[in-house]
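Notes follow the structure.
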Amino acid sequence: MVAALTLTIQVAQGQSQIQGVINGRSGATMTVQSAGSPNTVVLLTDSTSVGEVEGVFKARTKQMPMTALIPGLPVQIKGTLNDQNQFVADTIKFKGSDLKAAMDAQAGLQPTEQKVAANAAQIQLSDQEIAAQQAALQQQQAQLTAEQQKVAANKAAIAAANKRFGELGEYNILGETTVLFANGKITVEPQYKEQLLKLAQQAKGITAYILQVQGYASAVGSAALNQRLSSERANAVTAILVQQGQIPLTNMLAPGAMGTSSQVDSDKTSEGQAENRRVVVRILQNKGVSGN
22 MVAALTLTIQ
32 VAQGQSQIQG
42 VINGRSGATM
52 TVQSAGSPNT
62 VVLLTDSTSV
72 GEVEGVFKAR
82 TKQMPMTALI
92 PGLPVQIKGT
102 LNDQNQFVAD
112 TIKFKGSDLK
122 AAMDAQAGLQ
132 PTEQKVAANA
142 AQIQLSDQEI
152 AAQQAALQQQ
162 QAQLTAEQQK
172 VAANKAAIAA
182 ANKRFGELGE
192 YNILGETTVL
202 FANGKITVEP
212 QYKEQLLKLA
222 QQAKGITAYI
232 LQVQGYASAV
242 GSAALNQRLS
252 SERANAVTAI
262 LVQQGQIPLT
272 NMLAPGAMGT
282 SSQVDSDKTS
292 EGQAENRRVV
302 VRILQNKGVS
312 GN
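The opening position of the sequence shown corresponds to residue 22 in the numbering used here, with each subsequent residue numbered one higher.
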């Protein structure tokens with residue numbers, strides 16, 4: 022059976038080695054895809070060592086948190102098969118350049134749920150509203166045609182947004198909250214802590230959940246400062262979820278420092294800047310677990 026998998030597996034001193042790309046995370050397990058081979062389910066434990074190889078000859082290894090194991094990351098895994106035929110990871114290694122590329126891909130492929138919901142709201146008219154519009158637009162066929170084109174365009178935009186998000190690990194969004202920050206600040210205000218703890222409690226009731234944390238900054242100030250602020254804001258929110266919300270690290274994706282990408286409002290006003298200084302937290306569940 023092992024020979025039929027055609028994975029890159031080497032046996033040495035009772036251990037096996039797998040090389041491939043992470044294409045899914047569900048709680049304490051993840052799936053790894055190798056070229057021309059089926060997915061391999063990898064079990065993560067508290068003793069699993071995660072490291073980033075450094076140096077020209079990869080002679081040094083920098084210890085990394087388990088949250089760095091995100092979809093799209095090429096990895097090399099050493100471990101053993103347990104009695105349930107699961108591949109239990111002892112060590113996982115990857116390149117720093119590969120981690121950056123995987124995080125950049127996440128940033129480009131994952132739209133915010135608020136934008137998708139805003140587009141959906143534009144086309145979800147009640148039966149009464151549709152009937153009223155049809156009665157009025159029967160006398161003005163040109164206006165009816167324009168309205169139909171607008172609805173079709175909105176539907177296409179929503180479908181495209183959902184497709185882009187679905188391409189990254191096939192996840193469903195089952196919960197979301199947004200934390201806003203003062204200008205130049207990284208401290209989480211008390212009212213948002215309550216929202217975060219409520220979201221953490223909701224996540225614990227979901228099978229094989231993953232929490233995604235992404236920090237953003239307004240486009241005021243230097244790019245380097247905004248990148249640092251978005252990173253520190255994401256880390257501050259993650260600390261609350263882990264320390265006070267009791268979320269295991271195995272159920273957290275690496276905090277994303279998104280800088281000034283995906284602005285939700287104009288930075289030409291103070292109100293718009295406030296909306297862009299944010300951290301977005303989402304509860305994700307693999308569609309393979311939910312069945313849809």
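Where is the CB? At the ideal position from N, CA and C, for every residue including glycine.
Check, Outcome
"Pull the bridge partners of TYR192 from the DSSP assignment, please.", "ASN307"
"Report, in whole angstroms, the separation of the C-beta atoms of LEU262 and LEU232, which I expect to be a contact under 8 angstroms.", "6 angstroms"
"Would you kindly check if the distance between the Cβ of ALA56 and the Cβ of GLY21 is under 8 angstroms?", "With the chain covering only 22 through 313, there is no way to say anything about residue 21."
"Please return the same chain residues whose Cβ sits closer than 7 angstroms to the Cβ of ILE227, not counting the five positions on each side in sequence.", "LEU195, ILE304, GLN306"
"Throw me the rounded Cβ distance for the GLN235 and GLY266 pair, which I believe falls under 8 angstroms.", "That belief does not hold up - the Cβ atoms of GLN235 and GLY266 are roughly 17 angstroms apart, past 8 angstroms."
"Which ranges would you report for the beta strand (DSSP E) in the region 200 to 283 if only whole runs of at least 3 residues count?", "230 to 236"
"Helix, strand or coil: which one does DSSP assign to GLY365?", "Past the boundaries of the shown model lies residue 365; the chain is included only from 22 to 313, so the question cannot be answered."
"Which value, in whole angstroms, describes the spacing of the CA atoms of GLU210 and ILE268?", "20 angstroms"
"Helix, strand or coil: how does DSSP classify THR290 here?", "coil"
"Nearest to TYR5 by alpha carbon, out of ASN297, GLY309, ASP67, PRO59?", "As shown, the chain starts at 22 and ends at 313. That puts residue 5 outside it, with no answer to give."
"With respect to the beta strand (DSSP E) encompassing VAL109, which residues constitute its N-terminal and C-terminal limits?", "108 to 116"
"Is it true that the CB of PHE115 sits closer than 8 angstroms to the CB of VAL62?", "no"
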